[in-house]
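Residue numbering for the sequence shown follows the numbering used here, starting at 772 and increasing by one per position. Yeah, the Cβ is synthetic: ideal placement off N, Cα and C, and Gly gets one too. Report on one structure; see the data block that follows.
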Amino acid sequence: MGQFPITRTTTPKQKPADDALAFGKVLTDHMFLMEYNEGKGWHSPRIVPYGPLSLDPATSVLHYGQAIFDGLKAFRSEDGRIRLFRADRHAERFNRSAKIMCMPELPVDIIRQSFDALVGLEHDWVPRKPGTALYIRPTIIATDVMLGVHPAHSYLYFLILSPVGTYYKEGVKPVRILASDSHVRAVKGGTGEAKTAANYAASLAGQRDAEAAGYTQVLYLDGVQRKYLDEVGTMNIMVRIGDEVITPPLAGTILDGVTRNSALQLMRDWGLTVSERPITIDEVMQAGRDGTLREMWGTGTAAVVSPVGTLGYKGEDITINGGQTGELTQKLYDTITGIQYGRSNDPHGWTSLVPVERG
Ligand SMILES: *Cc1c(COP(=O)(O)O)cnc(C)c1O
């Protein structure tokens, strides 16, 4: 496909100060669009000024939620260069989500080129302050206009960008999480392995109830026995009990997190014992009571790691590591962000430089 046609905005926005950035509130000046039609395949890739989409009220995605997305970040290093973190893996996962949701896959190199082309054009939008980044949100929605329930025959791929602030303004900070015995996120045979809109709609009530009970996030248990750890909010979960780090296996309900995969790789590099195995909430609570639960944290692109200071379950609260960020959690955070911002070497070749057009 090569170079994409670009229509530049004539009304560039005022960029917010790096200190004023939140998450996802400001979008950049341009977006990438591309359509799919059955028989024709993906076509008409282009970059245009950022703006509203016009959709018929009968467009299928608005009714039945056939939609997928992904999320990754571009980081500016001290020398001004811009890096993406594991963009290929995000592109591959985007396609896995597409497959699960009966949507047409995109060639991985087209996805990658769309990231590079849009971030390259919007390079001035990558903030400079340490800890900030440009969030990259690729999305596909079903665009058939008709009210029947079936996989659509037409789709829209769009890519938008948003400068985001430091997740931790005062250092990595532990959260309070609630293991829910009333809400579940996904079941085997469902859509838990896809980054699809419906999963997030389904998580809102659990999140609301956890907040009402004084917690920050929900720890979801498996949907059948309500026994095994699944995920925490929109992050993967890891626990360190004695000399073992445990995370639930990718067995049909869990999203294959890029941060999860990176953390597992690093811990194996460091010679730690790492198990991807089912782990029950009872095992975690018992370890919390007998003092062998050393650390617990979530992993995801937004926070990198999110330490758990307090775990609540059936009316009992367990404090982990005195409510402080654990040593391994902090090491993972420092190592991953070091690679992302180009401060440390990148032994696995996880980052790629974004070619920047100097205008
Ligand atoms: C996005 C997401 C994650 C984390 O994935 P990363 O690739 O590490 O950002 C974990 N669980 C759910 C449900 C998610 O949506």
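Spatial distance of residue i from residue j (CA atoms)
i	j	result
Thr987	Leu949	8 Å
Ser1077	Leu990	13 Å
Glu893	Ser1123	17 Å
Arg1039	Thr1051	23 Å
Gly812	Arg979	41 Å
Ile839	Pro878	16 Å
Asn1032	Arg857	11 Å
Ala1073	Tyr938	7 Å
Lys796	Tyr906	11 Å
Glu1054	Lys940	33 Å
Gln884	Pro1049	38 Å
His834	Asp915	11 Å
Ile981	Ala973	The sequence shown places Ala at residue 981, rather than the Ile named in the question. Rounded to the nearest angstrom, the two C-alpha atoms are 14 Å apart.
Lys844	Gly1042	28 Å
Ala829	Thr967	20 Å
Met772	Tyr807	Per-residue confidence for Met772 stands at a pLDDT of 41, beneath the threshold of 50, marking its modelled position as unreliable; no derived number is given.
Tyr821	Thr781	11 Å
Tyr971	Gln1101	28 Å
Pro922	Ile871	11 Å
Met802	Leu889	7 Å
Leu992	Arg1060	20 Å
Thr910	Leu918	22 Å
Val920	Cys873	12 Å
Asp827	Ala969	20 Å
Phe794	Val1029	19 Å
Gln1057	Lys944	24 Å
Pro1118	Leu1103	15 Å
Thr962	Val832	16 Å
Ala788	Trp896	11 Å
Gln785	Leu798	11 Å
Val995	Ser953	12 Å
Ala862	Gly1113	21 Å
Ser848	Asn1116	12 Å
Gly1083	Ser825	45 Å
Leu1000	Pro1019	7 Å
Arg925	Trp1068	The residue asked about is misnamed: residue 925 is Ser in this sequence, not Arg. Rounded to the nearest angstrom, the two C-alpha atoms are 40 Å apart.
Ser951	Pro875	35 Å
Lys1085	Gly1023	26 Å
Arg1011	Glu809	48 Å
Cβ-Cβ separation, residue j to residue i (assumed contact under 8 Å), whole Å
i	j	result
Leu804	Leu927	7 Å
Gly1097	Thr1063	Contact doesn't hold; Cβ gap of about 13 Å is too wide.
Thr1108	Val1075	6 Å
Thr1005	Gly1071	6 Å
Arg908	Gly842	6 Å
Gln1111	Arg899	Between Arg899 and Gln1111 the Cβ distance is about 14 Å, and since that is not below 8 Å, they are no contact.
Leu1015	Thr1044	Residue identity differs from the one stated: residue 1015 is Glu in this sequence, not Leu. About 5 Å separates the two Cβ atoms, so the contact holds.
Asp1027	Leu1021	5 Å
Pro783	Asp800	5 Å
Gly891	Glu1128	6 Å
Phe865	Ile882	6 Å
Thr1090	Leu1037	Not quite, the Cβ-Cβ distance comes to about 26 Å (not below 8 Å), so this is no contact.
Glu1087	Ile1025	Between Ile1025 and Glu1087 the Cβ distance is about 25 Å, and since that is not below 8 Å, they are no contact.
Arg947	Gly985	7 Å
Ser1046	Ile1008	Actually they do not touch by this definition, with Cβ atoms about 13 Å apart.
Gly1093	Thr1081	At roughly 11 Å, the Cβ-Cβ gap does not stay under 8 Å, so Gly1093 and Thr1081 are not in contact.
Phe846	Ala791	With 8 Å as the limit, Phe846 and Ala791 do not qualify as a contact, their Cβ atoms being about 19 Å apart.
Val1125	Asp887	6 Å
For residue i: DSSP bridge partner residues
i	result
Trp1141	Look at the range of the chain in this structure, 772 to 1130, and you will see that residue 1141 is not part of it.
Val1016	Arg1011 and Val1045
Met808	Before going further, note that residue 808 is Asn rather than Met in the sequence given. Note: Asn808 sits in a beta bridge opposite Gly812 and Ser925.
Cys1079	Note that residue 1079 is Val in the sequence shown, not Cys. For Val1079, which the question treats as bridged, DSSP gives the partners Val946.
Thr1162	With the chain running from 772 to 1130 in the structure shown, residue 1162 is simply not present.
Gly851	Gly851 is not bridged to any residue.
Ser1033	In the DSSP output, where bridge partners are listed per residue, Ser1033 has none listed.
His801	Pro820
Met1067	Val1010
Leu905	Ala845 and Pro934
Ile777	Ile818
Lys940	Gly942
Val989	Leu949
Phe840	Thr910
Leu1026	None; Leu1026 has no bridge partner.
Thr1132	Past the edges of the chain, shown from 772 to 1130, lies residue 1132, and the structure says nothing about it.
Near ligand 2: residue i beta-carbon under 7 Å from a heavy atom
i	result
Met1006	In terms of ligand content, the structure shown lacks ligand 2 and carries ligand 1 instead.
Answer yes if the region 922–939 comes into contact with the region 949–961, meaning at least three C-beta pairs across the two stretches below 8 Å, and no otherwise.
-> no
Per the contact definition of three or more C-beta pairs closer than 8 Å, is the region 773–784 in contact with the region 815–823?
-> yes
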